[in-house]
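Below: the structure, in structure tokens.
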């Protein structure tokens, strides 16, 4: 009795490669630190002025609040405890410039005829630190505006609220991408393998006596293996039918 089978079918490859891709993606996804995002919204009103004047005031205040010294002081502040691991190998100035600024954004998002609104956004793996930094920057903006001589008024429209859920990474999306990518790569690999493959894989079930006969034929030195013996028989039969 002989049964011809293929070693790998399309369905098996899609299942196997998709599973491997999903597992690799899951490993990557769960190795990425959570990032909690916190924000606050502030407005600057220029009494008797215009929104463009309020924007100029905002730019002047930003120069002080987001200066190198100010950012370095945030990193050095023991009450915040930012980037302790990075501080072991980098100076506070480097951490402030290369890391802190990547996770901090201050941008205008709208305004009125005499004012401008802007938002402070900061992300960190620690939800408490994310809120503390936004609170600290909000207080710095208020102090700067309090000492401003141009009559501008700053109001906090939306204070910082401690985030409850991380915004990054989206682990489910990463795993789905790994699943789809692994499946596609596996199917493409199988297609390429089948194009270049010369031989099909054959599984044989033989009675014990027949198996012993084949083994004796191989042991006689005429064939290198049972596969060579079967190949020779098939080739002979093919020649006979030509």
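Residue numbers (this note's numbering): 4 to 245. Note that CB positions come from ideal geometry on N, CA and C, so glycine has one too. Quantities reported herein were computed from a predicted structural model and do not represent experimental measurements.
Check, Outcome
"From 189, 225, 134, residue whose alpha carbon lies closest to that of residue 166", "134"
"Inter-residue spacing [alpha-carbon to alpha-carbon] between residue 7 and residue 181", "Its pLDDT being 39, under 50, residue 7 is placed unreliably by the model, and nothing is read from it."
"Counterpart residues of residue 118 in DSSP-defined beta bridges", "48"
"Classification of residue 118 by the beta-carbon crowding that lies within 10 angstroms, buried from 16 upward", "buried"
"Limits of the unbroken alpha helix (DSSP H) element including residue 54", "54-68"
"C-alpha distance - residue 184 paired with residue 193, whole-angstrom precision", "14 angstroms"
"Cβ-based burial, residue 136 [other Cβ within 10 Å; buried from 16]", "buried"
"Residues bridged to residue 111 [DSSP beta-bridge criterion]", "121"
"Residue 69 to residue 59 span [Cα, whole Å]", "15 angstroms"
"Pick from 47, 169, 94 that is closest to residue 57, judged by C-alpha positions", "47"
"At least 3 beta-carbon pairs within less than 8 angstroms: the stretch 67-86 vs the stretch 103-111", "yes"
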